[in-house]
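Note sheet for the following structure.
In the numbering used here, the protein residues as written are 1 to 136.
Structure (structure tokens):
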């Protein structure tokens with residue numbers, strides 16, 4: 001899962017009249033102008049993806065504190081500056097969940113985890129701050 005993100009070809013980002021987007025195994029959204037992605041958000045995307053195992057682990061722990069079901073979490077969208085929640089938070093990941101006993105039970109449900117990045121000396125902490133549950 002995460003290994004393919006670390007091999008991300010950043011030149012594959014395309015402007016879609018609102019933001020820069022890479023579509024593939026994951027959808028990645030990066031804020032920017034029609035000329036190029038905004039450097040701040042592009043660097044943030046690269047940094048978060050380099051730490052994706054830790055970020056995903058923290059997100060899943062956060063999600064599991066709300067949804068007490070056995071199953072599998074899978075991230076499918078990474079957003080850096082494009083969604084309205086990014087006004088208050090640094091970035092967000094969107095997940096789907098497959099229940100262990102009924103794979104269709106949550107098929108139309110998505111879970112967005114918004115993060116803040118906190119620095120403690122040399123250490124960086126990815127802190128889940130907000131959960132949004134939606135239905136598509």
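Glycine included, C-beta positions come from ideal geometry on N, C-alpha and C.
Quick caveat, the model's predicted, so the values are computed rather than measured.
For residue 23, the secondary structure class from DSSP, reduced to helix, strand or coil, is coil. Annotation for residue 41: 30, 31, 80 and 81 place their beta carbon closer than 6 Å to its own, counting only its chain and skipping 5 residues before and after. Distance from the CA atom of residue 47 to the CA atom of residue 88, rounded to whole angstroms, is 19 Å. Secondary structure within the region 39–109: the beta strand (DSSP E) runs of 3 or more consecutive residues, fully enclosed, are 71–80 and 91–99 (chain order). Here residue 127 has 116 and 118 as same chain residues with Cβ atoms under 6 Å from its own Cβ, once five neighbours each way along the sequence are excluded. Judged by DSSP in its simplified three-state form, residue 131 adopts strand.
By the Cβ neighbour-count rule, residue 136 is exposed, with fewer than 16 other Cβ atoms within 10 Å of its own. With respect to the 8 Å criterion, residue 95 and residue 63 are classified as neighbours on the basis of their beta carbons.
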